[in-house]
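Engineer:
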Amino acid sequence: MAGGYKGKILRINLTTKEVSTLDTAKYEEYGGGHGMGSAIFWDLVPDKTIKAYDPGNVITIMASPLSGTLVPGCSGRTEVQGIGSQGYPVEWFTRSNFGGRFSGTMKFAGWDGIVIEGKAEKPVWVDIRNDNVKIQDATGVWGLDTQEAQEEIWRRVQSDTIGNWSSIGSARDSGRTTQRPAVLTMGPVGESLSRTAALIHDSGNGAGQGGFGGVFGSKNLKAISVMGSGSVPIADPKALMDARLWSYQYGVAGHPDDLSSAGAVSMFVNPPGNQAGSGKPVGMSGIPMGCMACHRNCRLRWPDGAGGSNGSGCVDYLWYNSHEKAANGGVQTPAMLAATDLMQRAGINAYMLEAGILWLVALNKLGICGPGKQIDTDLPFDQLGQLSFAKALIDKWVNKKDIGAQLHEGLARAAVAWGRYDEDTASGILPLQAWGYPQHYDARTEVEWGYGTLLGDRDINEHDFNWMRWTMAAVNGGTPPCSPQVLSEIMAEKLTPYNDPMMIDHSDEGIYSESMAKLVAWHRHYTRYYKQSLGFCDWAWGDYVNPYGPELRGMTGEGEPKFFNAVTGKSQTFAEGMEIGRKIWNLDRAILILQGRNRDMEVYTEYNYTQPAVPGYTTYEVPYGAVVFENGEFKYKSVAGRILDRAKVEEWKTKFFALEGWDTKTGWPTRDTLSKLGLDHVADELEKNKKLGG
Amino acid sequence: MAAILSEPTPELAARLMGDVGFEKRLTGLKMASMGGPNPCPLHSLAEVVGFIHIGDYETAMRDMHATVGYIDPSALARWVAEVLEDEELATAILEREAAGENYGAVAMPIKELLLERITQCRAVLVSAER
Chain A
1 MAGGYKGKIL RINLTTKEVS TLDTAKYEEY GGGHGMGSAI FWDLVPDKTI
51 KAYDPGNVIT IMASPLSGTL VPGCSGRTEV QGIGSQGYPV EWFTRSNFGG
101 RFSGTMKFAG WDGIVIEGKA EKPVWVDIRN DNVKIQDATG VWGLDTQEAQ
151 EEIWRRVQSD TIGNWSSIGS ARDSGRTTQR PAVLTMGPVG ESLSRTAALI
201 HDSGNGAGQG GFGGVFGSKN LKAISVMGSG SVPIADPKAL MDARLWSYQY
251 GVAGHPDDLS SAGAVSMFVN PPGNQAGSGK PVGMSGIPMG CMACHRNCRL
301 RWPDGAGGSN GSGCVDYLWY NSHEKAANGG VQTPAMLAAT DLMQRAGINA
351 YMLEAGILWL VALNKLGICG PGKQIDTDLP FDQLGQLSFA KALIDKWVNK
401 KDIGAQLHEG LARAAVAWGR YDEDTASGIL PLQAWGYPQH YDARTEVEWG
451 YGTLLGDRDI NEHDFNWMRW TMAAVNGGTP PCSPQVLSEI MAEKLTPYND
501 PMMIDHSDEG IYSESMAKLV AWHRHYTRYY KQSLGFCDWA WGDYVNPYGP
551 ELRGMTGEGE PKFFNAVTGK SQTFAEGMEI GRKIWNLDRA ILILQGRNRD
601 MEVYTEYNYT QPAVPGYTTY EVPYGAVVFE NGEFKYKSVA GRILDRAKVE
651 EWKTKFFALE GWDTKTGWPT RDTLSKLGLD HVADELEKNK KLGG
Chain B
1001 MAAILSEPTP ELAARLMGDV GFEKRLTGLK MASMGGPNPC PLHSLAEVVG
1051 FIHIGDYETA MRDMHATVGY IDPSALARWV AEVLEDEELA TAILEREAAG
1101 ENYGAVAMPI KELLLERITQ CRAVLVSAER
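See below:
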């Protein structure tokens, strides 16, 4: 096989206890990660309409050829796929992703991925030590929180050898390791089959969206532990080292005495040690920590006694930090860390908590939720911002007590159970953008985010085109790092194969244009391949505008194939990778279609069409700056207060479907489109189900 | 520092220290590069003070984790005038905004102004209780 691959994928059937392998070569055309996961799911799940908690659901946990190598901002990502329980109203085939060292360790153990099928009779965990794979009794592990479970498994695997050499093979140099096993586990909320349950690895790494913790629970699978003592074959080690050193010129490592003030616009540049953790507790500082081989180190380890939350770094803090700060007169205290820790240990999806708490507070203020109210709860709203409130909410959520019985099912289903869904998604106090996922970036302003979510399966969570990073400069009185005209030129160069400068036009006309269809298509194809299949981290790539790059040009287009080819020995071009991304995107589309997806379902929740901003005294005058093309020139402009035009969104969908080679009436791919992508077998299956585009 | 606002009446102080309820809330925007712009309802002057936050330009541009607690100053002034019915405070907010500077420059002076008002209100209410 090409470099980077280990050649086999571990297949575990929890029902039959059979352990077998799949040949990686069969799926190599998809690159790795997501692409392989989708193809394996397609092959192993004949009935795509099964529910998330059906034992027939197959979960893939995939590495990439670049996992466990020195590729910066890439080596540590692991892709998780299968039918998730979070999607609403349909439990869509979906994905999640987490960082750390799991994928690299999996490769060191000799595996390009892990496929989980069936359902164990009783709670188990999977114990992988190189080729030695056992399904272990989870007595004493089941019931533990995510941190305790990992510690218990470390004890069981390494016994008294923690910190010393563990022998897991016979070879002198490749049969032993000092590393702890990498453990992926769910918490108590996963054991009780919550649709809001995440998978957690080490500290601060989580596959939050999708409800895969609950899917693990449905399979009676508490955790997967992997320990490996091998290595990853590199086709051209010198080329890989050269590429890594080359990339330093695009990051602070190459400019230690010249820290750019424009780092925030290039996620690759953003330096370690600067991580505020979305607001540090006053007087405290954490130590940067990162994923395998990453130059960024974007998470934080706090000192003992800080309150917990070691290793978190993003929305895991955001769910409670503003409430905690407000309750303390604007001062962030360690209680923020403790609240984050509660969530991580329980294994709850942070986005659900973040949006859920705002919604519950709104309902409380409206007199709908509280003691003796329509939504009857003893949740202590008067303690909002204190640790006691966070504890009470999470306790109810995990144990399905009080309103936790409904929240456990996710916000959309809770809203339906309380008779609030239509009203609250219309007013926007429950901002579920699409498919039951809370709004992350606003579909009315940063439209490519919303479109990607609407046409896919989940909140895309891909930060390539967030103009807010430019806006963050504006609110501080700074100027954006480059003029809008230069930005359009750079993007036109980078966004191969379309190379259309109008793709970034977010004006009121531009958001419904064919150029916007190209941007969304480019984004879908790029992320499906480069981010989710090869593992280039969303927190480092794509690299478009880079303050250290030649004439502000970042690495994207050149960097991705440079690293891929050095590791694999192939000679793939960036454009060829984009075509693989298109293929994966179409394969995913076919799975969604077999689950029931059609064009008519792809509409946003009501507030996106009717509410120009959240009701109240607000204008959003500055923060929604975007790049627009007006009166013959590009400019940065506020698009505050915009709503989406329902008819124009529908017209845009027609443009998008036509661009993708899909039936414009149904949104289903045509045989011609699938055939050109080498997906004739997919076309056959769609045709058999009368769901092939005409 | 000498007070720049006249002492509020006990009635005004009580109103300023109260909760306006959901329908009359002010909405702030918690901005974080990775987390997105998240609208946050604010129901009291104290919550507003706790919410307003911004670092310096260098930090914001270097650190993708930096957060901003953003409230449009004009919207804040309107809310203070119409909901809290404190015209003097609203005018003082607008004076700071009128300097024409960016949010980063005016946010903390406005926050200090609100803090001063809260301090005044607490003193008035304690005095009234006696």
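Heads up: the protein sequence lines correspond to chains A and B, in order.
Mapping of the first sequence onto my numbering: residues 1 to 694, in sequence order.
Mapping of the second sequence onto my numbering: residues 1001 to 1130, in sequence order.
We put the CB at the ideal spot given by N, CA and C, even for glycine.
Quantities reported herein were computed from a predicted structural model and do not represent experimental measurements.
#1: So, helix, strand or coil for L1005(B), using DSSP?
#2: CA-CA distance, G510(A) and T479(A)?
#3: At which residues does the alpha helix (DSSP H) containing V486(A) begin and terminate?
#4: Which residues of chain B have a Cβ atom closer than 8 Å to the Cβ of G329(A), listed in chain order?
#5: Sort out for me which residues DSSP pairs T78(A) with in a bridge.
#6: Does DSSP put T21(A) in a helix, in a strand, or in coil?
#7: M1034(B) by DSSP, collapsed to three states: which one?
#8: Spell out the partners DSSP gives T1027(B) in its beta bridges.
#9: By the 10 Å Cβ neighbour count, where 16 or more other Cβ atoms means buried, how is P256(A) classified, buried or exposed?
#10: Using a Cβ-Cβ distance under 9 Å, would V282(A) count as near chain B?
#11: Measuring CB to CB, does L221(A) end up less than 9 Å from I128(A)?
#12: Over what stretch of residues does the beta strand (DSSP E) that includes N132(A) continue unbroken?
#13: What span of residues does the beta strand (DSSP E) with E1095(B) cover, start to end?
#14: Between which two residues does the beta strand (DSSP E) containing D127(A) stretch?
#15: Helix or strand or just coil, what does DSSP make of H525(A)?
#16: For the beta strand (DSSP E) that E558(A) lies in, which residues bound it at each end?
#17: Excluding the five sequence neighbours on either side, which residues of its own chain have a C-beta within less than 6 Å of the C-beta of A434(A), listed in chain order?
#18: If distances are taken between C-alpha atoms only, which option among L1094(B), L1042(B) and I1093(B) comes closest to T1027(B)?
#19: In chain order, what residues of the same chain lie with their CB nearer than 8 Å to the CB of M1017(B), ignoring the 5 residues before and after it?
#20: By a C-beta neighbour count over all protein chains shown, 10 Å radius and 16 as the cutoff for buried, is G73(A) buried or exposed?
#21: Between the alpha carbons of L411(A) and I348(A), how many angstroms are there, rounded?
#22: Out of curiosity, what's the CA-to-CA distance linking G214(A) and R589(A)?
#23: Our contact map puts G135(A) next to L14(A) with C-beta atoms below 8 Å; I'd like the distance itself, whole angstroms only.
#24: For T178(A), I'd like the list of residues in its chain whose CB is within less than 8 Å of its CB, leaving aside the five on either flank, ordered along the chain.
#25: Where do the ends of the alpha helix (DSSP H) carrying E551(A) lie?
#26: Let's test the definition: count the other Cβ atoms within 10 Å of the Cβ of G99(A) and tell me whether it reaches 16, buried, or not, exposed.
#27: So the beta strand (DSSP E) P288(A) belongs to, where does it begin and stop?
#28: Taking Cβ-Cβ distances shorter than 7 Å, what residues in chain B pair up with C314(A)?
#29: Where does G436(A) land, buried or exposed, given buried means 16+ other C-beta within 10 angstroms?
#30: Let me know the beta strand (DSSP E) ranges lying completely inside the stretch 590-668 of chain A, each 3 residues or longer, listed in chain order.
#31: Could you check if T49(A) is buried or exposed, using at least 16 other CB atoms within 10 Å of its CB as the buried criterion?
#32: Secondary structure at I40(A), three-state DSSP: helix, strand or coil?
#33: Is it true that the stretch 186-193 of chain A meets the stretch 169-178 of chain A, where meeting means three or more beta-carbon pairs spaced less than 8 Å apart?
#34: Taking buried to mean at least 16 other C-beta atoms within 10 Å of its own C-beta, is T185(A) buried or exposed?
#35: Along the alpha helix (DSSP H) that carries E121(A), what are the first and last residues, could you check?
#36: Can you tell me which residues form a DSSP beta bridge with I61(A)?
Structural biologist: Reading from the atomic positions:
#1: coil
#2: 24 Å
#3: Counting along the chain, the alpha helix (DSSP H) containing V486(A) begins and ends at P484 to K494.
#4: A1046, V1049 and G1050
#5: Looking at the DSSP output, T78(A) shares a beta bridge with F98(A).
#6: Correct three-state label for T21(A): strand.
#7: Three-state DSSP puts M1034(B) in coil, outside helix and strand.
#8: P1041(B)
#9: Its Cβ having fewer than 16 others within 10 Å, P256(A) is exposed.
#10: no
#11: Against a cut-off of 9 Å, the Cβ pair of I128(A) and L221(A) comes out as no contact.
#12: Segment N132 to D137, the beta strand (DSSP E) holding N132(A).
#13: Where E1095(B) is concerned, there is no enclosing beta strand (DSSP E), although the alpha helix (DSSP H) it sits in stretches over E1087 to E1097.
#14: Looking at the DSSP string, the run of the beta strand (DSSP E) that includes D127(A) is V124 to R129.
#15: helix
#16: Note, E558(A): premise wrong, no beta strand (DSSP E); not H, not E.
#17: T453, L454 and Y604
#18: L1042(B)
#19: S1044, L1045, A1046, I1118, C1121, R1122 and L1125
#20: buried
#21: 13 Å
#22: Straight-line Cα distance between these residues: approximately 24 Å.
#23: In the sequence under discussion, the amino acid at residue 135(A) is Ile, which differs from the Gly named in the question. Indeed, because the Cβ distance is near 7 Å, the residues count as touching under 8 Å.
#24: These residues qualify, in order along the chain: G163, N164, W165 and S166.
#25: That residue, E551(A), is in no alpha helix (DSSP H); it is neither H nor E in DSSP.
#26: buried
#27: It spans I287 to M289 - the beta strand (DSSP E) in which P288(A) sits, taken as one unbroken run.
#28: M1034 and G1035
#29: buried
#30: 625-630 and 633-638
#31: exposed
#32: helix
#33: Judged by Cβ distances under 8 Å, the stretch 186-193 of chain A makes no contact with the stretch 169-178 of chain A, as fewer than three pairs qualify.
#34: buried
#35: No alpha helix (DSSP H) holds E121(A); DSSP gives it neither H nor E.
#36: V80(A) and I114(A)
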